[in-house]
Each structure stands twice: as structure tokens, then as C-alpha cells.
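Everything on this sheet refers to the single structure shown next.
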Amino acid sequence: MTKILIRSDYLLPGGDNWNIIRNAELLIEDTVVSYIGAQRNYPVGVIDRIIEGKNKLVMPGLVNAHTHAAMALLRGYADDMPLMDWLEQKIWPAEARLTKEDIYWGTLLAICEMIRGGTTCFADMYFHMEEVARACLESGIRASLAQGLIGLDASQGAARLEDSKILVSDWHGAGEGLITIMLGPHAPYTCPPQYLEKVISIAAELSLPMHIHLAETRGEVQDCLDKWGKRPIALMDSIGLFKQQVLAAHCVHLSEDEILTLTQRQVAIAHNPGSNLKLGSGIAPLAELLERGAMVSIGTDGAASNNNLDMLEEMRLASLLAKGSCEDPTVLPARKALKLATVNGARSLFLKEETGLLREGSQADLIMLDMDKPHFHPYHDLCAQIVYAASSADVEMVMVKGRVLMEGKKLVTVDEEKILHEANERAVRLTR
Ligand SMILES: [Zn+2]
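And the structure:
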């Protein structure tokens, strides 16, 4: 059993406890936190490795609850366009040229960025997901992966469902639980009710959660009403989607009743403020959702609509946007924002292992921030400094499942230089 000891000037356990522990110590045995508290003395030879955190802060790793990692290859390719033009003229034609290898390298590009920004776990929906799984396993980042399912064409929809089943048997629980699989019905407007019913029955049969886009734009809600006589949330409820565990991305355009339905059915909601703003989709009613007790987490969405995968920035944006849109600075205070970006994210992925917070028995998914920077001083309230002043450049060390993925700002499990080179070459070919 490998024992790693982290000594840090400051430690935030997270979960419901955002009180700083000074001069803290965290003992990791293999993948699990076995002690957290005051520093102790150990006999010589008991500890395999000590990581010193002078002027550093250790906290749970950030969880990106909704993204399309490989879209990092399309970052900056098409911006400032109306959503449908953006999709039809730029994104879909480029995606049609994506090969399996492109997905692998594009995902690795996203993983480099996510690790550098302190993300230890993410929920992804795309295609060729076995390549995404391979990239995650190699890099050591935790992920919950869903093959995007589109059911507009019956035979293609059925084929993609078969791919999903293969993905489940090949990858669900791989890397000793590092990788888990969800089913990924893309959205109500790409998956008609009949097809969704099939997906739901397979999710029930295999006991898998589902990851879906819901109520992202006003147009989507209107089209759904025109076509099916119901708004998206009501339609999904009527066909039994919410009887299973569901991670719903966006949920921007919601009525009072829909907020109630999502809360009562315990649907996990991934809030993507950056993408919703950039695509002009609107502003999700975050304060109302939280007030009702909804399970809300934070996602970046893909890098083609954000344009980064920076969870510290996304957390700050979520908090500021909620305050500004409600004209109320007490909405989404710093500790609550931290909770959304960590433990709520982990719970929204329905993982069996305990992640998103640090306590004895939880997984050692954590990050270390360098607090010796002007923008952190003075140390009045370190939680507020992290939410309102920190940047991804402050992340110094990242660990997932007890394995160090970045140390001294150097990525140690992947060849970053090669990944940047491959990604650039492939991006040129895709968009030529
Ligand atoms: Zn999305």
C-alpha cells in the first residue's frame, strides 16, 4: 500500500465544511484519504512520499458537470454566430470530418487544460467515446462518459444505442472506478419520445444514469410545444425520463412548475453560464432552483461555445451572474459556489465512490493552490478569494485517486507538447 502525506498551511475539507484547517495534514493510502487533521509525527519509513504545501491550500478537485471535451479542437473556429448558423454552417460540417484519432487527441487537449485548471472529474457527451475513455485512463482524470444518442433516423439511433451498450461492457468501472458510463440521449429535439422510451428502458435495465441537454433555448421550448404539445420538462416527465437518474445540462428556460418537477424528481442540473451567455441562450433561474432545493452543479460545456474549460472562472461567473440577474448580492455566496463546483458536481455524476469532498474514506481527488500571490492577500476569507480572485494559473498540484497528475505546474501523466502539436495539426485539417 502506497502512503502519501500532504502537509499544507491551509486545507478546505469541502462538502458542508468550508472552514479552513491551518497547518493541516492529509494522509492518502493508495486511492483513499485515511486521515485529515492536525499534523502528526510518523516513524521513519512509514510514509512513501511527503508533499509539502508551504503557503499552499488544499481543497477538493473541481468537477466539470457538462462538457464535450474533444470540441477543444474547434475552439475559436466559429464564434459570434446565431446558434443554428453556428451548428449548421460550422460545427456540424467540421464534426462530420472528425476521426476516432481526432477525438482521442482533442480529448487529451481538453484534459491538459482541465488538469491545469484544477478539474479532477468531468461529465462528457460526444461520440467515439471509447477514444475518450482511453484518453482519460491514460491521463488519470476521472470521468463519466456518455455516447451522444440521436434518434431522428431510426436505424442510426438503434446503431448508436448498440455502441452505447458496447461502451458500457468495455468501459463502465474501468481504471478501478475511474471511468463510468451514462447513456447520452442528446436532447428532446434530436430524440423523439419513442426513441427516448427505448433509451430509458435500457438505462433501467443496466442501472445507468442518463445525461441529456434540456430547455437550453427559448426556440427549443417553443418547438417542443408546437410538435408535442408540451414543454420539454413536462414531455420528459410524461415519458418517464425522470424515473431514472438524470443529469440535465442547461435548464435555462423553466416555468415555476418545471422547477418544481426537476426538484421533486431529484434531477441533477448542470448549469453552464458561460456557454448560455456566449450562445445568447439566456440566463438560467439559478437562485430559484437553489431556493427550491434543486441539485445544481456547474459545467463549462464544450470549448467551442465557452471558449475555455476553466472551472474557477465558471464558478465565479455562476455566482456573479446569479447576483446580478437577481439584483441581490446574497445570492450564491462563495461557500455555496464552491459546493456547486465540487461535491454537487460529484453527486450529479451519480458515482459510487465518494468524491468532491475530503474526509476519511473519500477518494483522494484534490488540488493544491499557490496562495503566495498578490491577489490572494490579505487572507481575510480564503473561500471568497478562491471564488472571486483565483485563476487557473494558481493551481500547482492535482491528484486524482491518489495519483499525482500535475506537480509544480508540470503535467506528469501526459506528453503536453506532443498533444498540443497533434491538436493543432488536426484542427487545421478539420476546418480547411
Ligand atoms: Zn452541451
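Quick note: the sequence shown, position 404, residue 403 per numbering that gives the first Met the number 0, numbers continuous. For every residue, glycine included, the Cβ atom is placed at its ideal position computed from N, Cα and C.
A check of alpha carbon separations from L365 across R39, W85 and G52 identifies G52 as the nearest.
Bounds of the beta strand (DSSP E) holding L246 are V245 to H249.
A direct Cα-to-Cα measurement between A302 and C111 gives close to 13 angstroms.
Between H65 and A269 the beta-carbon gap is near 4 angstroms, inside 8 angstroms, which marks them as a contact. Listed in chain order, the non-local C-beta contacts of D225 below 7 angstroms within the same chain number zero, local neighbours out to five positions each way being set aside. When rounded, the separation of the alpha-carbon atoms in L350 and M310 is 20 angstroms. Straight through space, the alpha carbons of I180 and W170 are spaced by roughly 7 angstroms. Where V220 is concerned, the enclosing alpha helix (DSSP H) starts and stops at R217 to W227. Taking all protein chains in view, the Cβ of Q243 is crowded by 16 or more other Cβ atoms within 10 Å, so the residue is classified as buried. L246 is positioned such that its CB atom lies no closer than 8 angstroms to that of H185.
Assigned with DSSP and collapsed to three states, F241 falls in helix. For R291 against L259, the beta-carbon gap comes to about 7 angstroms, under 8 angstroms, which counts as contact. Listed in chain order, the alpha helix (DSSP H) elements of length 4 or more contained wholly in the region 295-354 are 310-325, 333-340 and 342-347. Rounded to the nearest angstrom, the gap between the Cα atoms of A69 and L107 is 8 angstroms. Here Y76 carries a coil assignment [DSSP, helix/strand/coil]. Collapsing the DSSP output to three states places S274 in a helix.
For N423, the enclosing alpha helix (DSSP H) stretches over residues E415 to L429.
D8 and L56 have their C-alpha atoms roughly 6 angstroms apart. Per the coordinates, the alpha-carbon of A153 lies some 45 angstroms from the alpha-carbon of G360. Under a 10 Å Cβ-count criterion, W91 is classified as exposed, with fewer than 16 other Cβ atoms of the shown protein chains found around its own Cβ.
Listed in chain order, the beta strand (DSSP E) elements of length 3 or more contained wholly in the region 14-59 are 20-28, 31-37 and 48-59. Look at D300: its beta carbon is less than 7 angstroms from one of the heavy atoms in ligand 1. For the pair R358 and T119, the Cα-to-Cα distance works out to about 16 angstroms. Of T354, K338, I418 and P284, the smallest CA-CA separation from A383 is found for K338. Nearest neighbour of L276 by Cα position, chosen from L288, R264, E313 and E255, turns out to be E313. Within 10 angstroms of the beta-carbon of M0 lie fewer than 16 other beta-carbons, which makes it exposed. Where C120 is concerned, the enclosing beta strand (DSSP E) starts and stops at T118 to Y125.
Excluding residues up to 5 positions away in sequence, R6, N22, A23 and E24 lie with their Cβ nearer than 8 angstroms to the Cβ of Q38 in the same chain. Here Q265 is not bridged, per DSSP, to any residue.
With a beta-carbon spacing of about 19 angstroms, L419 and G139 fall beyond the 8 angstroms limit used to define contacts. Here T216 has S280 as same chain residues with Cβ atoms under 6 angstroms from its own Cβ, once five neighbours each way along the sequence are excluded.
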